[in-house]
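For the protein sequence lines, the chains are E and H, in the order given.
Residue numbers are given in the working numbering: position 75 of the first sequence equals residue 75, and the series is strictly consecutive.
Residue numbers are given in the working numbering: position 73 of the second sequence equals residue 192, and the series is strictly consecutive.
Where a beta carbon is used, it is the ideal one built from N, C-alpha and C, also for glycine.
Take a look at the structure set out below.
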Amino acid sequence: MNVKQANKFGFSINRSRLIDYDTSDRKVREYVTLREPSFKLCFACGGCTATCTAGQHTSFNLRRLNTYIRRGEIEPLREEVTRCMLCGKCLLVCPRGVNTRNVVAMAAEAIRKLERNEL
Amino acid sequence: MKGTQKHVIIAGGGVAGMEAAGALAEMGYRVTLVEKGQDPGGHLLQWHALFPDSRPAEEVKSYLRKRIGNHNITVITGTAVEKIKHHPGGTVTVNLSGSKEEKADAVIVATGFDLFDARRKEEYGYGIYDNVITAPELETMFNGGRVTKADGSVPSRIGMIHCVGSRDEKVNNNHCSKVCCVTAVKQAIELRKMMPACEVFCFYMDMRMYGPYYEELYRESQEVHNVNFIRGKVSEASVNINNRLVIKVEDTLAGRPLKMELDIMVLMVGMEMAEAGTKLAVASGFRLGINRFLEAGDHHYGNNLSGVSGVFYAGTCTAPMNITDTISHARAAVAETVRYLDGR
Chain E
1 MNVKQANKFG
11 FSINRSRLID
21 YDTSDRKVRE
31 YVTLREPSFK
41 LCFACGGCTA
51 TCTAGQHTSF
61 NLRRLNTYIR
71 RGEIEPLREE
81 VTRCMLCGKC
91 LLVCPRGVNT
101 RNVVAMAAEA
111 IRKLERNEL
Chain H
120 MKGTQKHVII
130 AGGGVAGMEA
140 AGALAEMGYR
150 VTLVEKGQDP
160 GGHLLQWHAL
170 FPDSRPAEEV
180 KSYLRKRIGN
190 HNITVITGTA
200 VEKIKHHPGG
210 TVTVNLSGSK
220 EEKADAVIVA
230 TGFDLFDARR
240 KEEYGYGIYD
250 NVITAPELET
260 MFNGGRVTKA
270 DGSVPSRIGM
280 IHCVGSRDEK
290 VNNNHCSKVC
300 CVTAVKQAIE
310 LRKMMPACEV
320 FCFYMDMRMY
330 GPYYEELYRE
340 SQEVHNVNFI
350 RGKVSEASVN
360 INNRLVIKVE
370 DTLAGRPLKM
380 ELDIMVLMVG
390 MEMAEAGTKL
400 AVASGFRLGI
410 NRFLEAGDHH
420 YGNNLSGVSG
430 VFYAGTCTAP
440 MNITDTISHA
450 RAAVAETVRY
460 LDGR
């Protein structure tokens, strides 16, 4: 039985929810880390997200975005990087001194390059 | 004869200084305990009950008062130690405020810590909004037996804000003050016991329950007292039209921003190197670590050594620590001091 038949049968094939760390794409992480090393300092306190204007109205979440980059979760990143308005309020809050705005900018740049096969 | 005539000056009359003074006096040394405040006792003086067992702070205060009651101890208050210098031949001179100079055979530095000035985290509104208080101010309320808002009314929701002035590059403190997490849990339990109708929330980044019975206390706070925990660093506080505090935080475990109204916000202020201790260190040429506390000669087996012959460190002038560790550290400083004096 192939996948199409299985779907008709009443079952569906879900994509695995697993974060497969062995096959994940590290290129974006490497790109961001190299250009904005303070990225490594995030300890996931969520101060950025608490203060984020975009995050009050959309699902944008900078703390989660950082984790996506670290784990090589490229798919959710594509959407996420477009939501930031680069206002920089998060910069004022971050207790680890991460240059948060540049993290988003570099992640967006990495995604663009990835799409053009330049990464 | 065990150095009956030898004289040790102790800079700082807090927990470490008092314990060290008592231990040395007991062994027959002559001790001068110099305290800059009006009374010995340090920060413990304003505390009501201690973690992890809610023991009345008065019991430890009274133990320490007895400790310095020994006839070998002279207590000088209202006086700061401004400079310490070791001279060839072994004498150590100590400059006291008021330009007095004292001679000793050894000196123990126990200048302790300063509490973080919460006004430096302006976004939390301490000193701006009425109902933003610090953890020691809550202890003062516990001492008075009543916790109320500034207008005298009874609070129905209180938030404990962890890591105020600790683990925060924005205020130049990357270190963890260690004791604030368990203090928040202790105070949350006391609030719940005192006012069962009042909700209590702890806003934390990590719960650092490092000491014996701390984790158990954390568990008890959930199991018995229904204290709530939200993982996220509060980014700012404001006041709404009903004059209630409103905080913004990310509930990082839900992955969404959260706002909450509070009647009282308790800031768990951390520890910093004491200003008086810093001045003393600069004048005397003592090394400061990257956390700006005094850097001991060796972090593993020379934790009381200053690097200057005849000068030893005790207590929170070297790093944040709880009372138990402070007392142990002071006793270790005494052991190092006695070894030094006996070997001369």
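CB of residue i within 9 Å of CB of residue j, strictly
| i | j | result |
| --- | --- | --- |
| H/GLY156 | H/ILE192 | no |
| H/ALA139 | H/ALA199 | no |
| H/PHE235 | H/ALA393 | no |
| H/VAL134 | H/ALA449 | yes |
| H/ARG226 | H/ILE129 | For clarity, residue 226 of chain H is Val in the given sequence; the question names Arg instead. Yes, these two residues count as a Cβ contact at 9 Å. |
| E/PHE39 | E/ASN117 | no |
| H/SER425 | H/GLY416 | yes |
| H/PHE320 | H/GLY263 | no |
| E/MET106 | E/GLU36 | yes |
| E/VAL103 | E/LEU62 | yes |
| H/PHE412 | H/HIS281 | no |
| E/VAL93 | E/ALA44 | no |
| E/LYS89 | E/CYS52 | yes |
| H/VAL211 | H/GLY429 | yes |
| H/LEU336 | H/VAL266 | no |
| H/ALA303 | H/ALA254 | yes |
Inter-residue CB distance, residue i and residue j (contact presumed, cutoff 8 Å)
| i | j | result |
| --- | --- | --- |
| H/MET324 | H/LYS352 | 5 Å |
| H/ARG149 | H/HIS126 | 5 Å |
| H/GLU242 | H/ALA356 | 7 Å |
| H/SER354 | H/VAL365 | Not really, about 12 Å apart at Cβ, beyond 8 Å. |
| E/VAL28 | E/ALA110 | 4 Å |
| H/ARG276 | H/GLU380 | 7 Å |
| H/GLU318 | H/ASN362 | Not quite, the Cβ-Cβ distance comes to about 19 Å (not below 8 Å), so this is no contact. |
Other residues of its chain near residue i: CB distance less than 8 Å, five sequence neighbours each side excluded
| i | result |
| --- | --- |
| H/VAL427 | ILE203, HIS205, SER403, GLY404, PHE405 |
| H/LYS268 | ASP249, ASN250, PRO274, ASP382, ILE383 |
Counted within 10 angstroms of its Cβ, other Cβ atoms place residue i as buried (16 or more) or exposed
| i | result |
| --- | --- |
| E/ARG17 | exposed |
| H/PRO331 | exposed |
| H/SER340 | buried |
| E/GLU75 | exposed |
| H/LYS305 | buried |
| H/GLY131 | buried |
| H/TYR329 | exposed |
| E/TYR21 | exposed |
| H/ALA247 | Here residue 247 of chain H is Ile; the residue named in the question, Ala, does not match the sequence. It counts as exposed. |
| H/LEU164 | exposed |
| H/ILE446 | buried |
| E/CYS87 | exposed |
| H/PRO315 | exposed |
| H/LEU143 | buried |
| E/ILE19 | exposed |
| H/PHE420 | Note on residue identity: the sequence assigns Tyr, not Phe, to residue 420 of chain H. So H/TYR420 counts as exposed. |
| H/VAL343 | exposed |
| H/ILE409 | exposed |
| H/ARG338 | exposed |
| H/GLY161 | buried |
| H/THR371 | buried |
| H/THR437 | buried |
Spatial neighbours of residue i in its chain, beta-carbon cut-off 7 Å, leaving aside the 5 residues before and after
| i | result |
| --- | --- |
| H/VAL457 | MET146 |
| H/ILE187 | MET137, ALA140, GLY141, LEU152, PRO159, VAL194 |
| E/CYS146 | Residue numbering for chain E in the displayed model covers 1 to 119; residue 146 of chain E lies beyond these limits and cannot be assessed. |
| E/ILE69 | VAL28, ARG29, VAL32, LEU77, ALA107 |
| H/VAL179 | LEU163, LEU169, ILE442 |
| E/PHE60 | CYS52, ALA54, GLU80, ARG83, CYS84 |
| E/ARG58 | A small correction: the amino acid at residue 58 of chain E is Thr; Arg does not occupy that position in the sequence shown. Correct list, in chain order: ARG83. |
Sequence-distant residues of the same chain with beta carbon closer than 6 Å to residue i, five excluded per side
| i | result |
| --- | --- |
| H/PRO439 | SER296, LYS297, MET390 |
| H/LEU257 | GLN306, VAL385 |
| H/GLY284 | PHE235, VAL290, ASN292, VAL388, GLY389 |
| H/ASN214 | GLU201, LYS202, GLU220 |
| H/PRO376 | GLU369 |
| E/GLY46 | ARG63 |
| H/MET120 | The pLDDT assigned to H/MET120 is 43, lower than 50, so where the model puts this residue is not dependable; a value taken from the coordinates is nonetheless given after this. Excluding positions up to five away in sequence, the list is empty. |
| E/LEU34 | none |
| E/LEU91 | THR100, ARG101 |
Any non-hydrogen atom of the ligand MN within 8 Å of residue i CB
| i | result |
| --- | --- |
| E/GLU115 | Among the components modelled here there is no ligand, and therefore nothing to report on the ligand MN. |
Neighbouring residues, chain B, relative to residue i (Cβ below 7 Å)
| i | result |
| --- | --- |
| E/THR49 | Absence of chain B from the displayed structure is noted, the protein chains being E and H. |
Q) In the region 307-325 of chain H, which residues sit with their C-beta less than 9 Å from some C-beta in chain E, listed in chain order? A) MET324, ASP325
Q: Report the residues of the region 361-385 of chain H with a CB closer than 7 Å to any CB of chain E, ordered along the chain.
A: LYS367, VAL368, GLU369, THR371, GLY374, PRO376
**Q.** Under 8 Å (Cβ pairs) to chain H, residues found in the region 54-82 of chain E
**A.** GLY55, GLN56, ASN61, ARG63, ARG64
**Q.** Contact set between the region 84-98 of chain E and chain H, restricted to residues whose Cβ is under 7 Å from the partner
**A.** VAL93, PRO95, ARG96, GLY97
Q. In chain order, what residues of the region 334-359 of chain H put their CB closer than 9 Å to some CB of chain E?
A. ARG350, GLY351, LYS352, VAL353, SER354, GLU355
Q: Determine which residues of the region 11-45 of chain E have a Cβ less than 9 Å from any Cβ of chain H, and write them out in chain order.
A: LEU41, PHE43, ALA44, CYS45
Q: With 7 Å as the limit, tell me which residues of the region 272-298 of chain H have their beta carbon closer than that to any beta carbon of chain E; keep them in chain order.
A: ARG286, ASP287, GLU288, LYS289
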